[in-house]
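**Q** Residues in the sequence shown are numbered consecutively from 2, following my numbering.
All residues carry an ideal CB built from backbone N, CA and C; glycine is no exception.
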Amino acid sequence: MLIRLSLTMIAVILTALPAAAQSRPAIAYTTANLNMRAGPGTNYPVIITVPRGGGVTIFGCTPDYKWCDAAFTNAKGWVSGKYLNYGGDGGYYGQPIPNAGVYIGVPRYQRNYPDYRRPPVVVQPVRPAPYRPRYPGYPPRYFEHQVY
Numbered sequence: 002m003l004i005r006l007s008l009t010m011i012a013v014i015l016t017a018l019p020a021a022a023q024s025r026p027a028i029a030y031t032t033a034n035l036n037m038r039a040g041p042g043t044n045y046p047v048i049i050t051v052p053r054g055g056g057v058t059i060f061g062c063t064p065d066y067k068w069c070d071a072a073f074t075n076a077k078g079w080v081s082g083k084y085l086n087y088g089g090d091g092g093y094y095g096q097p098i099p100n101a102g103v104y105i106g107v108p109r110y111q112r113n114y115p116d117y118r119r120p121p122v123v124v125q126p127v128r129p130a131p132y133r134p135r136y137p138g139y140p141p142r143y144f145e146h147q148v149y
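1) Which residues in the same chain as A76 place their Cβ atom closer than 7 Å to its Cβ, once the five residues preceding and following it in sequence are excluded?
2) To test your reading of the DSSP string, which unbroken alpha helix (DSSP H) runs of 4 or more residues are found completely within the stretch 93–124?
3) May I have the straight-line CA-CA distance separating N100 from Y45, to the nearest angstrom?
4) Return the chain-ordered list of same chain residues with a C-beta closer than 8 Å to the C-beta of D90, the five sequence neighbours on each side being excluded.
5) For P64, I'd like the list of residues in its chain whose CB is within less than 6 Å of its CB, leaving aside the five on either flank, ordered along the chain.
6) So K77 is in the beta strand (DSSP E); what residue range does that whole segment cover?
7) When burial is assigned at 16 or more other CB atoms within 10 Å of the CB, is T32 buried or exposed?
8) Locate the beta strand (DSSP E) running through R38, then write down its first and last residues.
9) So the candidates are A71, V80, G61, Y30; which of them puts its Cα closest to the Cα of T43?
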């Protein structure tokens, strides 16, 4: 009875592990200067260029992992999957995303891909007013006419 209960618990834990792996985005690094586009294809406009070695967060990919929905700094768009290497922990570190995507749990979009045609929103910090010291001036008695 105890063996059956422990085997059931192990089975429940093993079935929950893949679901937990898919719930968080994957981290990848670019292998070249990579254009981030508004959609999954070269016919979409370029939003920004991610430098070589730049870390991106992957939220999902097309079914064949050719294009991945990613974020870099304050921009979000689509990047080519063949120029991304997995940067997380585990045995798939450094592997290309098309090879490791299934095993690390990167979600795949079947259709209705997000479209980022609008320009990225860049939040500029509010600059404080320049420092201008305020001199109250001298009291009026210093400027009074004096007779010697």
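**A** Reading from the atomic positions:
1) As a working mapping, residue 76 is identified with position 75 in the sequence shown. Hits under 7 Å: M37, I48, I49, P121.
2) 98–105
3) In the sequence shown, the residue the question calls residue 100 occupies position 99. In the sequence shown, the residue the question calls residue 45 occupies position 44. Looking at the two C-alpha atoms, the distance is approximately 25 Å.
4) Residue numbering aside, residue 90 sits at position 89 when the sequence shown is read from its first letter. Closer than 8 Å at the Cβ level, and outside the excluded window around D90, lies no residue.
5) In the sequence shown, residue 64 corresponds to position 63, counting from 1. Correct list, in chain order: R109.
6) Stepping through the sequence shown from its first residue, residue 77 is reached at position 76. Its beta strand (DSSP E) spans residues 76–81.
7) In the sequence shown, counting from the first residue as 1, residue 32 sits at position 31. So T32 counts as exposed.
8) Here residue 38 refers to the residue found at position 37 of the sequence shown. 35–38 is the extent of the beta strand (DSSP E) around R38.
9) In the sequence shown, counting from the first residue as 1, residue 43 sits at position 42. Nearest of A71, V80, G61, Y30 to T43, Cα basis: V80.
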